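Top line first, the protein sequences correspond to chains A and B.
Under the working numbering, think of the first position of the first sequence as 67, with each following residue one higher.
Under the working numbering, think of the first position of the second sequence as 6, with each following residue one higher.
Read through the structure below, which is laid out as structure tokens, and then see the notes.
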Amino acid sequence: MSDSGGGALKGVMTIVACGLFLGFAYNAFGLISENPWGLSWVSESKLDMLAKSELVKAVPDEPASAPEEDYWTDIDDPLAVPAAARAGLGLPDIPCAGRPVQIELGALKQYYDAEAALIIDAREPDDYDDGHISGAMNIPYDIGMTDPQVLERLDAGGKPIITYCGGGTCEVSLTLAEELITAGHSPVAVYIGGFSEWAEAGYPVDRRPS
Amino acid sequence: MEALKRFLTDSRTIRVSQVLIGLVFAASSLAKLGDLHSFAEEVHNFKLLPVALDHLVAMTLPWIELVAALALLLGVRARSGAMVVSTLMVVFTIGVLIAMARGLDIECGCFGTADGTRVGLVKVLENSAMLALALIGSLRARSLLGGSGA
């Protein structure tokens, strides 16, 4: 084998070309398998995928003198609010979709006020201590990888679970939500606006005294 | 200084370095190939590339590592293998440093999900040691005994 500079460089290119070929071939095999395990050729951000899922919106406030027929909703109207939800606690419905759905600020606030959901902060303890939604518990997103039993043992008391993180492009709330669903919890919603939007709205926050 | 140069360019020093770094890269590539989806997520978490490219990197990088590791271990084009590994170590270390500068608290993904090491100073030091090993492996041997294996 040549040990010249040109020979070594040719070897580098050979190694890279072999690696690329094997990688593409192995993945193509993974995609055409009976139970496909390959990666999609073009990746998509998780937040983009979540943005395509159902959005849980707040139930509009009812005037005190609302006539009874207002409880009926048109099932063909996608903006109609489920009648069952209005008749119950007045909360929007979080579907058991087998995957996380997104929830907007107003709907989260309604769940918060009714204490009808388990709200989980998916950030690291330091960020949680700096400020979090009042009453939210802290389960860092990576716990699902290091200690999945914590998620399996979690008792949501029959309530929906809502996860959040810092807002913006932060994705760890979605990662935790997926881990919770894998651990058998349902329904699980992700509040994409995160702590920043909640705090900006002037809603209750807790800070751990330093 | 002359003694160090003689030691580093000794064919046995170079061969041992090549085998050691080859073993590390064989282990890391197989760990990544064992769970491609988790590795793709770790690549994504570094946020160094456009999202659309994350999967292409995740599906090819472990194979480039594996081919380079086999070259190092088998002594076929071993110098080239060491050069590939050196380049990768530089890229990985820059990736870790950028993640640290951005304040990202993420898993390194260096050995797939097998080790769970997070990015940080310890990882930079580990990478630097491996880079040194890979650079020694890519040196041209002074002695003709045993050749360079390249």
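Virtual Cβ for every residue (Gly too), placed ideally from N, Cα, C.
Please read all numbers here as calculations on a predicted model, not as lab measurements.
Buried or exposed by the 16-neighbour rule on C-beta atoms within 10 Å, applied to residue i
i	result
B:Ser91	buried
B:Val96	exposed
A:Asn303	Since the first residue of chain A shown is 67 and the last is 276, residue 303 of chain A is not available in this structure.
B:Arg220	Because residue 220 of chain B is not part of the residues shown, which for chain B are 6 to 155, the question remains open.
A:Ser200	exposed
B:Met64	buried
A:Glu181	exposed
A:Met79	exposed
A:Cys162	exposed
A:Trp264	buried
B:Phe12	exposed
B:Asn50	buried
A:Ala117	exposed
A:Arg274	exposed
A:Gly85	buried
B:Phe44	buried
B:Asn132	buried
A:Val167	buried
B:Phe30	buried
A:Pro226	buried
A:Val108	exposed
A:Trp103	exposed
A:Asp213	exposed
A:Ser292	Because residue 292 of chain A is not part of the residues shown, which for chain A are 67 to 276, the question remains open.
B:Leu93	buried
B:Leu9	exposed
The beta strand (DSSP E) enclosing residue i, as first and last residue numbers
i	result
A:Gln255	One point to set straight first is that residue 255 of chain A is Ala, not Gln, in the sequence displayed. Segment 254-257, the beta strand (DSSP E) holding A:Ala255.
A:Asp187	184-187
Residue range of the alpha helix (DSSP H) that includes residue i
i	result
A:Tyr178	171-179
B:Ile141	126-142
A:Lys123	Per DSSP, A:Lys123 belongs to no alpha helix (DSSP H) and is neither H nor E.
A:Ile160	Taken as a continuous stretch (DSSP letters only), A:Ile160 belongs to no alpha helix (DSSP H), as it is neither H nor E.
B:Leu93	83-106
B:Pro67	59-79
A:Met211	209-212
Local conformation of residue i per DSSP, three classes
i	result
B:Cys115	strand
A:Asn101	coil
B:Thr14	coil
A:Arg219	helix
A:Asp196	helix
A:Thr241	helix
A:Thr229	strand
A:Ala265	helix
A:Met203	strand
B:Val48	helix
B:Arg20	helix
A:Val108	coil
B:Asp110	coil
A:Asp114	helix
A:Pro148	With a pLDDT of only 43 at A:Pro148, under the threshold of 50, the placement of this residue in the model should not be trusted; the figure read from the coordinates follows. In this structure, A:Pro148 counts as coil in the three-state DSSP scheme.
B:Met6	coil
Reference residue i; option with closest CA among the options
i	options	result
A:Val216	A:Tyr230, A:Ser200, A:His251, A:Ala182	A:His251
A:Glu245	A:Gly260, A:Pro161, A:Leu220	A:Leu220
A:Met115	A:Ala265, A:Trp264, A:Glu237, A:Tyr269	A:Glu237
A:Ser106	B:Phe51, B:Val56, B:Asn50	B:Val56
A:Pro126	A:Lys175, A:Leu184, A:Ala222	A:Lys175
A:Leu19	A:Arg273, A:Cys231, A:Asp179, A:Pro270	Outside the shown range of chain A, which is 67 to 276, sits residue 19 of chain A, and nothing can be said about it.
B:Glu46	B:Ala73, B:Cys115, B:Ala137, B:Met94	B:Cys115
B:Val72	B:Leu53, B:Val48, B:Leu28	B:Leu28
A:Asp208	A:Leu240, A:Thr235, A:Lys123, A:Ile81	A:Leu240
A:Asp187	A:Tyr178, A:Asp272, A:Asn204, A:Glu218	A:Asn204
B:Leu144	B:Thr14, B:Ala106, B:Gly80	B:Thr14
A:Gly73	B:Glu112, B:Arg84, B:Ala76	B:Arg84
B:Ala139	B:Leu54, B:Glu70, B:Leu58	B:Glu70
A:Gly156	A:Ile185, A:Ala124, A:Gly224	A:Ala124
A:Ala202	A:Leu88, A:Ile185, A:Arg189, A:Asp159	A:Ile185
Below-8 Å beta-carbon distance, residue i vs any chain D residue
i	result
B:Leu28	Within the model displayed, chain D is absent; protein chains A and B are what it includes.
Segment contact, 8 Å Cβ cut-off, at least three pairs: the region 33-42 of chain B with the region 76-89 of chain B: no
The region 255-267 of chain A touching the region 163-178 of chain A, judged by at least three CB pairs closer than 8 Å: yes
At least 3 beta-carbon pairs within less than 8 Å: the region 190-206 of chain A vs the region 17-25 of chain B: no
Three or more C-beta pairs below 8 Å linking the region 123-138 of chain B and the region 61-80 of chain B: no
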